[in-house]
């Protein structure tokens, strides 16, 4: 917490037996209006984040056409953002911004859990973005090597690896973050004395390592991989073989569609999390004068609010940049009065339709046999009517 750093005084020795204490400027707490705005802001952010990321998870799991290897990684991003929205966003700001004495009211278990889950979620997001960048890089570098492609099973293994790494890196926070009495109130703070007597030294080491592994290394890898992807795509030669040329062109087209969205997601992560990571891991730890700044609470609110805002930007990016996600979002949000959904255009599942017709006692092959004896336009009308009726049976329509 910021309490220790904010309440420190600076001793100045004038004589061997005399110590004068110069108090720091009084801390400027949030006004009543600012606190009300703060609570409304975080509540709205929490609701939007839970709804948006739940939609992402539901759409990927429900529609088989979206269960690709890359979308499994995007599913992992949504789970990380959902962790932030459910466990961190509703609780983390109260002690710092709402209560002037920075008391903790949510109990010792939540005190230890919040910092740990936030650390896990940020590690998950950053390293999942790294895995996605490697997936796109391999898709361009090894176009004609099917064995090098990221399959769904490999994507699941990579997701498990990111969870393991994130949990290990954030595990110290689960033990050092504790609620303890201080200044007649219960406060939630890091206490590294349970590991070593030289607490400040090891805390600074850990904070620096977190900043490097959580932000600096992933962002460096992202810059390098996407630079190589751009160079490869714009300088590569198309094979002369017709079959190889078709494969390369299809792979390039697929990557070109996804790359802008992934780069935008990576840039937003870098922008949203940088202020808070610098503030809590570097600035407050190494520059006590900044921690004693009277308006540090407003700076913390800006940095923390920007970091929490990141949990809702990914679903917005998916909606704006991907037509299939947009269609899935509209389907599951069709109960809202301002959402217009008529029928599927990109996510219609033909296999599901065939199984449904088989269960209803209709043999799908009979349509093909009948179509052979019909003119071309009649055959087309037969199948189009079948598909239309099937959509009406299996999917409710909302017309306005």
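Residue numbers (the numbering used here): 557 to 956.
Even for Gly, the Cβ is constructed at its ideal location relative to N, Cα and C.
The structure displayed is predicted, hence computed values, not measured ones.
Kindly identify the DSSP beta-bridge partner or partners of residue i.
| i | result |
| --- | --- |
| residue 898 | Note: residue 898 sits in no beta bridge, so no partner. |
| residue 746 | 733 |
Once DSSP output is grouped into helix, strand and coil, what is the label at residue i?
| i | result |
| --- | --- |
| residue 605 | helix |
| residue 624 | coil |
| residue 658 | coil |
| residue 738 | strand |
| residue 599 | helix |
| residue 619 | coil |
| residue 585 | coil |
| residue 645 | coil |
| residue 500 | In the structure as shown, the chain starts at 557 and stops at 956, and residue 500 therefore has no counterpart that could be examined. |
| residue 851 | coil |
| residue 707 | coil |
| residue 698 | coil |
| residue 843 | coil |
| residue 681 | helix |
| residue 632 | helix |
| residue 751 | coil |
| residue 891 | coil |
| residue 878 | coil |
| residue 653 | helix |
| residue 673 | helix |
| residue 903 | coil |
Given that a residue counts as buried once 16 or more other Cβ atoms are within 10 Å of its Cβ, and exposed if not, what is residue i?
| i | result |
| --- | --- |
| residue 901 | exposed |
| residue 679 | buried |
| residue 587 | exposed |
| residue 860 | buried |
| residue 858 | exposed |
| residue 743 | buried |
| residue 750 | exposed |
| residue 691 | buried |
| residue 676 | buried |
| residue 603 | exposed |
| residue 896 | exposed |
| residue 584 | exposed |
| residue 740 | exposed |
| residue 724 | exposed |
| residue 893 | exposed |
| residue 837 | buried |
| residue 856 | buried |
| residue 644 | buried |
| residue 898 | exposed |
| residue 843 | exposed |
| residue 641 | buried |
| residue 780 | exposed |
| residue 823 | exposed |
| residue 634 | buried |
| residue 686 | buried |
Please identify the residue among the options whose C-alpha is closest to the C-alpha of residue i.
| i | options | result |
| --- | --- | --- |
| residue 709 | 665, 781, 735 and 625 | 625 |
| residue 711 | 667, 632, 788 and 658 | 632 |
| residue 888 | 595, 597 and 614 | 614 |
| residue 864 | 704, 818, 833 and 841 | 833 |
| residue 784 | 754, 815 and 763 | 815 |
| residue 777 | 689, 664 and 890 | 689 |
| residue 716 | 636, 662 and 728 | 636 |
| residue 720 | 684, 601 and 840 | 684 |
| residue 672 | 590, 641 and 731 | 731 |
| residue 862 | 851, 601, 590 and 841 | 601 |
| residue 593 | 854, 892, 899 and 866 | 854 |
| residue 745 | 590, 659 and 844 | 659 |
| residue 646 | 598, 634 and 619 | 598 |
| residue 878 | 726, 845, 849 and 817 | 817 |
| residue 522 | 821, 825, 686 and 841 | Because the chain is modelled from 557 through 956, residue 522 falls outside the range shown and cannot be assessed. |
| residue 839 | 786, 763, 828 and 634 | 763 |
| residue 649 | 595, 823 and 774 | 595 |
| residue 788 | 630, 846, 681 and 693 | 693 |
Would residue i count as contacting chain D if we go by Cβ distances under 8 Å?
| i | result |
| --- | --- |
| residue 673 | The structure shown has no chain D; it contains just one protein chain. |
Check your understanding: Between the segment 634-653 and the segment 875-883, are three or more C-beta pairs nearer than 8 Å?
Key -> These segments do not touch.
Practice item. For the segment 604-614 and the segment 870-879, state whether three or more C-beta atom pairs, one from each stretch, are separated by less than 8 Å. Key: Judged by Cβ distances under 8 Å, the segment 604-614 makes contact with the segment 870-879, as three or more pairs qualify.
Check your understanding: Quick one: any contact between the segment 730-748 and the segment 685-704, if contact means 3 or more CB pairs under 8 Å?
Key -> Not touching, per the Cβ criterion.
Review point. Can we say the segment 754-763 touches the segment 664-683, given the rule of at least three CB pairs closer than 8 Å?
Key: Contact between the segment 754-763 and the segment 664-683 is absent: fewer than 3 CB-CB pairs across the two stretches fall below 8 Å.
Check your understanding: At a cut of 8 Å, does the segment 769-784 reach the segment 823-843 through at least three beta carbon pairs?
Key -> Short answer: they touch.
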